[in-house]
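> If you read the sequence shown in the numbering used here, its first letter stands for residue 1, the second for the next number, and so on.
What follows is a single structure, and I will ask about it in a moment.
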Amino acid sequence: MFRPKVPTMPQPTGLTTSPAVVEPTAVTPHAPAPASTAVTPARNRPAVQLTPGTVLALVGGGTAVVLVVGAVLVSMLLAVALTATSLAVCAVAIRSVVARR
């Protein structure tokens, strides 16, 4: 009841065939297709067109990103400063308690 049952690997049945032999073939290049004579002229316009609305949106988005990143960095600096201050106060208090004994 508590003995594990180990599965047995089934034996292959039926006829087995050997893999097919692949023979190399010669590659013959063919003549390239003739180039088209009609060439479209290249346009002299930039890939991205900036309208006044998109410029305003980019400036607003950049300002928002700078403000958010700045706020995060300032809050991290404040957290480090508060931690250092509290550790210094604890160190002074422990030192004074140890010095009295």
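C-beta atoms are modelled at their ideal positions from N, C-alpha and C, and glycine is treated no differently.
This one's a predicted model, so the numbers in the text were calculated from it and none came from an experiment.
If we ignore side chains and look at the alpha-carbon of each, how far apart do T85 and A79 end up?
When rounded, the distance between both Cα atoms is 10 Å.
> Does at least one heavy atom of the ligand MN sit under 7 Å from the Cβ of A71?
This structure simply doesn't include the ligand MN, nor any ligand for that matter.
> Just the Cα atoms here: how many angstroms apart are R95 and L67?
42 Å
> How many angstroms separate the CA atom of T13 from the CA atom of P7?
18 Å
> I'd like the span of the alpha helix (DSSP H) that includes T83, first residue to last.
Counting along the chain, the alpha helix (DSSP H) containing T83 begins and ends at P52 to R100.
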